[in-house]
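Quick note: the sequence shown uses the numbering used here, first residue 1417, plus one each step. Below is one structure, written out as structure tokens, with a few remarks after it.
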Amino acid sequence: MKQTDPKQPACRIASALFTRYADAIRHYDGDPLSPSLHIASDGPLSVFYAPFDVVNPEARVVLLGITPGKSQANRALIEARAQLQRGASPFAAIRAAKSTGAFAAGMRKNLVAMLDHIGLAQRLELPSCAELFDKSAHLLQTASALPFPVFHQGENYNGNPDLTRSPFLRTMVLEHFVPLLAALPNAIYVPLGPVPGKLLQWLSLEGRLTASQILAGLPHPSGANAERIAYFLGAKPRHALSAKTDPDKLDQALAQLRNRVIQIDSGQLKNLLR
């Protein structure tokens, strides 16, 4: 097998949109909702291009959010603009741009702790899932259910209207996210929050992936979820929780996730690690 630099995983552009919007990126003025980046609209929903459409074909773990927000899109577009102005190829520009949005330090720390806590690192034969962001980066794909930034009345889309019930959003999923599933048929998918989790369940029922590939139930790694994360990790006792945290729900999620990790069959695990 060809050796890969773990810090530079092999990637391929998943759509031709980067070329279409390259001139707009070269002249990007700091507004991710610029008309020059507009893809489509439907009532209060609008979609704009930002350079996140790249796939790592070696990935075995996919961390799935809802959609890039304004700040994430802005960082990626600024980096892509800088890359193009320096004469980088579209491939190099889009890869560098995507890497700018791969979880802030605090979110990454929380996410790694939770993935290790459910036993995923052990099943992947890694000392810690922190290696997915370092020496074993070739095993990781960060992605969004809606790969390009979606805004509702000009604000970050947060799951309303329902992703699986909106024809407009379903079309986006089928055109821009489902190809990722086809490119990574053996990967494990970790939804971050209930919205991408619900989408993966829907796609499983549609036969796009199997239920055994979905590790749903982790608290979102955002700092806003600090108490839920602390309880999930066993760092805060039940009696010290505020009324906003449901310990029974978190206990159930932890047990189910650990069981799901254990049940990853040997054939699937072999595909994950090859």
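Glycine is no exception: its CB is placed at the ideal position from the N, C-alpha and C atoms.
Residue i bridges to which residues according to DSSP?
| i | result |
| --- | --- |
| residue 1458 | 1461 |
| residue 1566 | 1463 |
| residue 1645 | Note: residue 1645 sits in no beta bridge, so no partner. |
| residue 1630 | 1605 |
Is any heavy atom of the ligand MG found at a distance shorter than 7 angstroms from the C-beta of residue i?
| i | result |
| --- | --- |
| residue 1616 | Inclusion of the ligand MG in the displayed structure is not the case, the ligand content being empty and no account of it being possible. |
The alpha helix (DSSP H) that contains residue i, what's its start and end?
| i | result |
| --- | --- |
| residue 1498 | 1486–1501 |
| residue 1585 | 1583–1588 |
| residue 1509 | 1506–1515 |
| residue 1624 | Neither: residue 1624 is in no alpha helix (DSSP H) and is coded neither H nor E. |
| residue 1476 | Segment: none, residue 1476 is in no alpha helix (DSSP H) and carries neither H nor E. |
| residue 1537 | 1536–1539 |
When you compare the CB positions of residue i and residue j, do they come within less than 8 angstroms of one another, or not?
| i | j | result |
| --- | --- | --- |
| residue 1519 | residue 1467 | no |
| residue 1693 | residue 1564 | Since the displayed the chain opens at 1417 and closes at 1690, residue 1693 lies outside it and no answer follows. |
| residue 1543 | residue 1490 | no |
| residue 1536 | residue 1483 | no |
| residue 1500 | residue 1438 | yes |
| residue 1634 | residue 1677 | no |
| residue 1534 | residue 1497 | no |
| residue 1486 | residue 1572 | yes |
On a CA-only basis, which of the options is nearest residue i? Give me that one, please.
| i | options | result |
| --- | --- | --- |
| residue 1636 | 1609, 1619 and 1623 | 1609 |
| residue 1622 | 1634, 1603, 1632 and 1594 | 1594 |
| residue 1589 | 1452, 1615, 1503 and 1455 | 1615 |
| residue 1666 | 1676, 1679, 1678 and 1650 | 1650 |
| residue 1672 | 1450, 1632, 1652 and 1645 | 1632 |
| residue 1721 | 1497, 1539, 1474 and 1499 | An answer regarding residue 1721 cannot be provided, because it is not within the stretch 1417 to 1690 covered by the chain. |
| residue 1599 | 1471, 1439, 1587 and 1456 | 1471 |
| residue 1603 | 1619, 1581 and 1556 | 1556 |
| residue 1386 | 1611, 1532 and 1553 | This structure gives no information on residue 1386, because the portion of the chain shown stretches from 1417 to 1690. |
| residue 1629 | 1534, 1652, 1597 and 1654 | 1597 |
| residue 1446 | 1492, 1509 and 1456 | 1492 |
Determine the extent of the beta strand (DSSP E) in which residue i is found, giving its start and end residues.
| i | result |
| --- | --- |
| residue 1435 | Segment 1433–1442 is the alpha helix (DSSP H) holding residue 1435; no beta strand (DSSP E) there. |
| residue 1695 | Residue coverage of the chain in this structure runs from 1417 to 1690, which leaves residue 1695 outside it and unanswerable. |
When DSSP labels each residue in this structure, what does residue i get in the three-state scheme?
| i | result |
| --- | --- |
| residue 1548 | helix |
| residue 1613 | helix |
| residue 1603 | coil |
| residue 1571 | strand |
| residue 1672 | helix |
| residue 1677 | helix |
| residue 1650 | coil |
| residue 1481 | strand |
| residue 1593 | helix |
| residue 1576 | coil |
| residue 1447 | coil |
| residue 1657 | coil |
| residue 1662 | coil |
| residue 1636 | coil |
| residue 1542 | coil |
Hey, is residue i's beta-carbon within less than 8 angstroms of any beta-carbon in chain C?
| i | result |
| --- | --- |
| residue 1598 | Although the question refers to chain C, the structure presented lacks it and comprises just one protein chain. |
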